[in-house]
Amino acid sequence: MLDSEKQRKIIHIDMDCFFAAVEVRENPDLKGKPVAVGGKPNTRGVVAACNYEARKFGVHSAMPMSRAHKLCPELITTPVNMPLYKSVSSEIHGIFHQYTDLIEPLSLDEAYLDVSDCRRCNGSATLIAEEIRRKIFHSQKLTASAGVAPNKFLAKVASDWNKPDGQKVITPDEVDDFVKTLPVTAISGVGKVTARKMHKLGLQSCDDLKMLGLEKLQFYFGSFGESLYLYSQGIDYRPVKIRQIRKSLSVEDTFAHDLPDLQACLGELPAIYSELLKRLERAREKQRLNPKALFVKIRFNDFVTTSMQMPASAPHKKAYSYLLTQAWQRGKRPVRLIGIGLQFFPPDLPEQLSLF
Ligand SMILES: [Mg+2]
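FYI, numbering that gives the first Met the number 0 numbers position 244 of the sequence shown as 243, with every residue one higher than the one before it.
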């Protein structure tokens, strides 16, 4: 292990059954009962999250709600209240920021923190993690689990170790022993398919991977082989990456055949527009985005490109039709590319800096 690797202190914080825990907090009557958050049982909805009481019956997230109800007839379901989870997440991130600005959110309820340079708690990552969990509980009445380790791979494995409301620390000296017996399924990126392949090859533990060696791992697992070789020795150089603040979002389509006229251009708009909405929804799961303008870009068949924009606080199909028409009027000839998008206000409120 490299010295520089030894010096890092990474904490992985994972809220326990986050969505379900928030719902139980909001409605104390649900306490101690099996609860699932997600779509209605008679629709095609799935379980977005469930608490431990529901898990005892075999209910788990991504399971169809109808199946969850068969397994657990007394299951109580609540609809997904994303704005609430986001605001709770934002407050939790406020606590993280008291210790470090090097925060990499993985989802609303999970994040890596690099506290290598944090001087609070005498610089002890173990004490920092304990304090963060305590503060989350005091302010939110929600429990979190934490993993503390010299890198992201081990910190994530560790946060799962004593869940719920638990913590596990892997010191640099403990890394070698810890990974030796670690099952391959604990490695993030090793899903069901890869795990099955590994088991067929007789690979059960990280030590088995290490013994197989770099070349064979690359032979069997391609580009993932090198990471597997490093992980199997408890090594992970990936830095904790702060999410970039998004300034704009757009969808572009270059057509196989030039679009001859405005009607043809407008005919392509619905598909591009629905793709934009999809991407916007995905981007909004990661950070709060307040649109300030809509824009349309078109490239004519001679590669001359023009764009039009207008202020707006939300995407609007009619507004894009209007902008597309205006932009096309500038060239009035066949079009090879259409792009539409949104520009966002910079996050100006302190809570928005936490990116949720
Ligand atoms: Mg969680």
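Think of the CB as a built atom: it goes at the ideal place given N, C-alpha and C, for glycine as much as any other residue.
All figures in this text were calculated on a predicted structure; none of them were measured in a lab.
Review point. Taking the DSSP output, what are the residues bridged to L200?
Key: Here residue 200 refers to the residue found at position 201 of the sequence shown. Bridge partners of L200: none, in fact.
Review point. Regarding E225 and ligand 1, is the C-beta to nearest heavy atom distance less than 7 Å?
Key: Translated into positions along the sequence shown, residue 225 becomes position 226. No, Cβ of E225 sits at least 7 Å from all heavy atoms of ligand 1.
Practice item. Say yes only if the C-beta of E103 is nearer than 7 Å to one or more non-hydrogen atoms of ligand 1, and no if none qualify. Key: Taking the first residue of the sequence shown as position 1, residue 103 is located at position 104. The answer is no for E103.
Review point. Is the Cβ-Cβ distance between S247 and G338 less than 8 Å?
Key: As a first step, residue 247 must be located in the sequence shown, where it is residue number 248. As a first step, residue 338 must be located in the sequence shown, where it is residue number 339. Taking 8 Å as the cut-off, the Cβ atoms of S247 and G338 do not count as close.
Practice item. Specify the secondary structure class of K151 as computed by DSSP and reduced to three states. Key: On the sequence shown, position 152 is the one that residue 151 refers to. When secondary structure is reduced to three states using DSSP, K151 falls in the helix class.
Check your understanding: Of the residues L293, Y321 and Q342, which one's Cα is nearest the Cα of I244?
Key -> Taking the first residue of the sequence shown as position 1, residue 244 is located at position 245. For I244, the closest alpha carbon among the candidates L293, Y321 and Q342 is that of Q342.
Check your understanding: Exposed or buried, M210, counting other C-beta atoms within 10 Å across all chains shown (16 or more means buried)?
Key -> Reading the sequence shown from its first residue, position 211 is the one you call residue 210. It counts as exposed.
Exercise for review: Tell me, to the nearest whole angstrom, how far the beta carbon of V183 is from that of L208; I am working on the premise that it is less than 8 Å.
Suggested key: The residue given as residue 183 occupies position 184 in the sequence shown. The residue given as residue 208 occupies position 209 in the sequence shown. Their Cβ separation, rounded to whole angstroms, is 6 Å, which keeps V183 and L208 in contact under 8 Å.
**Study point:** Check your reading: residues with Cβ closer than 7 Å to ligand 1 heavy atoms
**Key:** Every residue passing the under-7 Å Cβ criterion appears here: D13, M14, D15, C16, F17, D108 and E109.
**Study point:** Residues of its chain near F136, where Cβ-Cβ distance is below 7 Å and the 5 sequence neighbours each way are ignored
**Key:** Within the sequence shown, residue 136 is the residue found at index 137, counting from 1. Take F136, set aside five residues on each side of it, and the residues of its chain with a beta-carbon closer than 7 Å to its own are T142, in chain order.
**Study point:** Nearest residue (CA-CA) to D100, options E274, D116, N121 and V174
**Key:** Reading the sequence shown from its first residue, position 101 is the one you call residue 100. Put simply, of E274, D116, N121 and V174 the residue whose alpha carbon is nearest the alpha carbon of D100 is D116.
**Study point:** Residue range of the unbroken alpha helix (DSSP H) whose run includes H441
**Key:** Look at the range of the chain in this structure, 0 to 355, and you will see that residue 441 is not part of it.
Check your understanding: With C-beta atoms as the reference, is V79 less than 8 Å away from A67?
Key -> Sequence index remark: in the sequence shown, residue 79 carries index 80 (1-based). Sequence index remark: in the sequence shown, residue 67 carries index 68 (1-based). Here V79 is not near A67, since their CB atoms are 8 Å or more apart.
Check your understanding: Is P269 near L293, with beta carbons less than 8 Å apart?
Key -> For the purposes of this step, residue 269 is taken as residue 270 along the sequence shown, with counting starting at 1. For the purposes of this step, residue 293 is taken as residue 294 along the sequence shown, with counting starting at 1. Cβ atoms of P269 and L293: not closer than 8 Å.
Exercise for review: Can you grab the Cα-Cα spacing for the pair G93 / E22, in whole Å?
Suggested key: Against the sequence shown, residue 93 aligns to sequence position 94. Against the sequence shown, residue 22 aligns to sequence position 23. If you take the alpha carbons of G93 and E22, they lie about 21 Å apart.
Review point. Straight-line CA distance for K317 to N300?
Key: Here the question's residue 317 lines up with position 318 in the sequence shown. Here the question's residue 300 lines up with position 301 in the sequence shown. If I take the Cα positions, the gap works out to 25 Å.
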